[in-house]
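The structure appears right after this line, and notes come after that.
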Amino acid sequence: MKALDAALESHKVEVVVSVLEEMRARNVLSIAVKGRSDKDLAPLLAVITTNLNNPAYAGILLTTANEVLTQYGASVGQRPGLDAQLMKLNTVLGNEIRSEKRALGVLGAAEIIESSLQQ
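Here the sequence shown stands for residues 1 to 119, numbered as in the UniProt record's numbering.
Here is the structure:
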């Protein structure tokens, strides 16, 4: 937990992502996320919501977001500070899903055009 706190205090996404990846590799990510107050979760959720659209970070940030939701999902509606942060995460995830769907649609159209040109 201290390593994650130190990484978050650096305000450098690369440092935070590296620490999260190392924690995942050591199977201690859940321990680092566990038992945090709304105030302690705020910087972590800010990193997630701000950088989730970066493909280089998306994998570990989604894993971390999932861990946060697993551990704190039962608290939804009981912790206003956390609720606001999770609503922002929900908005970011929704936007990202829509972007991915659009990208897949464009890719599908490009494949159809390519296949028709090859015939």
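By construction, the Cβ of each residue, glycine as well, lies at the ideal position given by its N, Cα and C atoms. Bear in mind that the values here come from a model prediction, so they are computed numbers and not experimental data.
Using the three-state DSSP reduction, which class does residue i fall into: helix, strand or coil?
{"i": "M23", "result": "helix"}
{"i": "K12", "result": "coil"}
{"i": "G73", "result": "helix"}
{"i": "G59", "result": "helix"}
Could you pull out every residue in the same chain whose Cβ sits closer than 8 Å to the Cβ of residue i, ignoring the five residues on either side in sequence?
{"i": "V15", "result": "A7"}
Which same chain residues, not among the five before or five after residue i, have their C-beta less than 7 Å away from its C-beta?
{"i": "R98", "result": "none"}
How is the alpha helix (DSSP H) around residue i delimited, first residue to last?
{"i": "R102", "result": "P80 to Q118"}
{"i": "L44", "result": "D38 to N51"}
{"i": "V28", "result": "Premise fails: V28 is in no alpha helix (DSSP H) and is neither H nor E."}
Apart from the five residues just before and just after residue i, which ones in its own chain have a Cβ nearer than 6 Å to its Cβ?
{"i": "S30", "result": "E67"}
{"i": "A3", "result": "V19"}
Would you tell me roughly how many angstroms separate the C-alpha atoms of residue i and residue j, rounded to the nearest one?
{"i": "D40", "j": "A84", "result": "14 Å"}
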